[in-house]
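> Our numbering puts the first residue of the sequence shown at 2, with every later residue one more than the last.
Glycine included, each C-beta is placed from N, C-alpha and C at the ideal position.
These numbers were taken from a predicted model, which means no experiment stands behind them.
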Amino acid sequence: MNRTYIKDLKNNVGKTVSISAWVDVRRDHGKLIFIDLRDMSGRVQTVALPSNKEAHEIASKVRSEWVVRAEGIVNKRPEKMISKNKETGEIEENGDIELELKKLEVLNEAQTPPIDVRSDGTEIGEEARLKHRYLDLRRPRVQKNIRTRHKIIKYVRDFLDNEGFTEIETPILTKSTPEGARDYVVPSRLENGRFYALPQSPQQYKQLLMVAGFEKYFQIARCFRDEDTRSDRQPEFTQMDLEMSFVEREEVMALNEKLLVEIVTKLYPNKKIQTVPFPRISYKEAMEKYKSDRPDIRTDKNDPNLLAFCWVIDFPFFEKTDEDPLTGRSGWTFTHNPFSAPKPEHMPMLMNKEKIGDILTTQYDVVLNGFEIGGGSIRNHAPEALKKVFEIMGYPDEQIESNFGHMLRALASGAPPHGGIAWGLDRFVTLLQNESSIREVIAFAKTGEGKDLMMEAPSEISEKQMRELGIELRKKKK
Ligand code: ASP
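1. At the level of alpha carbons, what is the spacing between Leu387 and Pro339?
2. Would the beta-carbon of Ala423 be found less than 7 Å away from any heavy atom of the ligand ASP?
3. Could you tell me the alpha carbon to alpha carbon distance between Val26 and Ser437, rounded to whole angstroms?
4. Rounded to a whole number of angstroms, what is the C-alpha to C-alpha distance between Asp315 and Met288?
5. Is the beta carbon of Gly329 within less than 7 Å of some heavy atom of the ligand ASP?
6. Helix, strand or coil for Ser189 per DSSP?
7. Can you list, in chain order, the residues of its chain with a C-beta nearer than 6 Å to that of Arg1? Leave out the 5 residues immediately preceding and following it.
8. By the DSSP assignment, the beta strand (DSSP E) with Ser246 in it spans what residues?
9. From the DSSP output, which residues share a beta bridge with Gln220?
10. By the DSSP assignment, the beta strand (DSSP E) with Glu101 in it spans what residues?
11. Any chance the CB of Asn338 is under 7 Å from a heavy atom of the ligand ASP?
12. My parser needs the alpha helix (DSSP H) runs of 4 or more residues fully inside the region 333-369; what are they?
13. Verify the contact flag: Gln235, CB atom, against every heavy atom of the ligand ASP, threshold strictly below 7 Å.
14. Residues in the same chain with beta-carbon distance under 7 Å from Pro278, minus the five sequence neighbours each way, listed in chain order, please.
15. The beta strand (DSSP E) that contains Asn306, what's its start and end?
16. Pairing CB atoms from the region 417-435 with CB atoms from the region 242-249, are three or more of them under 8 Å?
17. Could you pull the start and end residues of the alpha helix (DSSP H) that Asn404 belongs to?
18. I'd like the list of long-range same chain contacts for Asn76, defined as Cβ closer than 6 Å, with 5 residues on each side in sequence excluded.
19. Alpha carbons only, please: which of Ile74, Ser61, Val45, Arg39 is nearest the one belonging to Met2?
20. Could you tell me if Arg440 is buried or exposed, where buried requires 16 or more neighbouring beta carbons within 10 angstroms of its beta carbon?
21. Rounded to whole angstroms, how far is the Cβ of Val238 from the Cβ of Glu168, which I believe are closer than 8 Å?
22. Mapping DSSP to helix, strand and coil, what is Ile298?
23. Once DSSP output is grouped into helix, strand and coil, what is the label at Phe319?
24. To which residues does DSSP link Gln167 through a beta bridge?
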């Protein structure tokens, strides 16, 4: 008999069906045994009657999280037995039907689960949840988060495809360049002493794709940053990354705003966006008025369905670095992205390297309820301008050449004006799902210390692997 999904049982009242599912919970009343079964589509109560000896006997043995195939008749439940939600009084999912078991087959047994997978999980320590993540992911709340994440990504893909964008994968093994955070590095076996770096973002590749003439690129891209422990950061995270040619700041912002509004209105009809078009706040105003460059402008902070987006613009391009204790001098570094262009009217200041602290960048950040969910800019498409940025940061010519020579040469080969943005997808989904941690929306999340407790990564590697890589540990850091 073909498998029926639990969500479709209500359309099969009076019929004999077969379902494949997990045992959610079993209640043994001696004569009657009730088993709630759960598949990817929903949950339903089944009942084994003593008159059906064989099914009844198996029903008395099954335990939570066993995997079974059940055949039976879908019955309407008598009016007074219909199960209703205690708080709202609404009929529960499949609360008015029941599967009367005719045949029960155990497909696999399960050890008693170390964590409860039916609760919402908030009462369980996070370490235990991450260690047994394949069980933790069974809980309906997390399943919903992961499935909704997929819907959001699919919406983005369809929207951008429709706008003429091409999704292009860029390398994971690339080159270490100073881009803001610390790189994760991968040793080369074929060239001992040389290292790849995992990308902090596809920034350079996406700009090179603009040079290559693709004009509209996007990618659901994994990024890697080896940053110090922060409770709500992940060493690897996902960006919705895009880049466009022949655009100005307004066009990139407008396209993103349209996509964000559509995602909310189509996928979260119960949520309300506070203001459309999204208000624009200058960095200066944000700092003066909200003391933050990611202001929470919600008019009602108790409303879980209120989404207050805003754009923050006109950031300073450079900020002073800490004083060097030896020389007593401080230099300059970029605030956001070294590849950004200054505001057009500030280009002369960059080219003349004057009033460096006053140069404003084309950077735009999109902020939601006090969290930065994305940021981007128009780029320096002239190689001379990009070179000036590195000079201001005090990089000697040889370093500019060795780190960024490829970018300067590419920009000198007919690079169109271009700009883009990247969203922190994990954070965005977290906010939309009213979750408090990005780990609730990432299938296999790591701890705040960057550990994968389930796989036990990072882990040691064998002496043979070390030898092949030409690596010897200096001293183990604990
Ligand atoms: N690559 C930038 C980042 O990761 C985003 C962008 O400017 O497109 O923050």
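With the given structure in hand:
1. 8 Å
2. yes
3. 28 Å
4. 12 Å
5. no
6. Ser189 falls in the coil class under three-state DSSP.
7. A question about residue 1 goes unanswered here, because the residues of the chain that appear run from 2 up to 479.
8. Residue range 237-246 is occupied by the beta strand (DSSP E) that includes Ser246.
9. Asp242
10. 98-109
11. yes
12. 348-353
13. no
14. Glu258
15. Counting along the chain, Asn306 falls outside any beta strand (DSSP E), and DSSP gives it neither H nor E.
16. Yes: the two stretches touch, three or more of their Cβ pairs being nearer than 8 Å.
17. Per DSSP, the unbroken alpha helix (DSSP H) holding Asn404 starts and ends at 398-412.
18. Glu99, Glu101
19. Ile74
20. buried
21. According to the sequence shown, residue 238 is Phe rather than Val. Actually they do not touch by this definition, with Cβ atoms about 18 Å apart.
22. Ile298: coil per DSSP, three-state reduction.
23. strand
24. In the sequence under discussion, the amino acid at residue 167 is Thr, which differs from the Gln named in the question. The partner list for Thr167 (beta bridge, DSSP) reads Tyr218.
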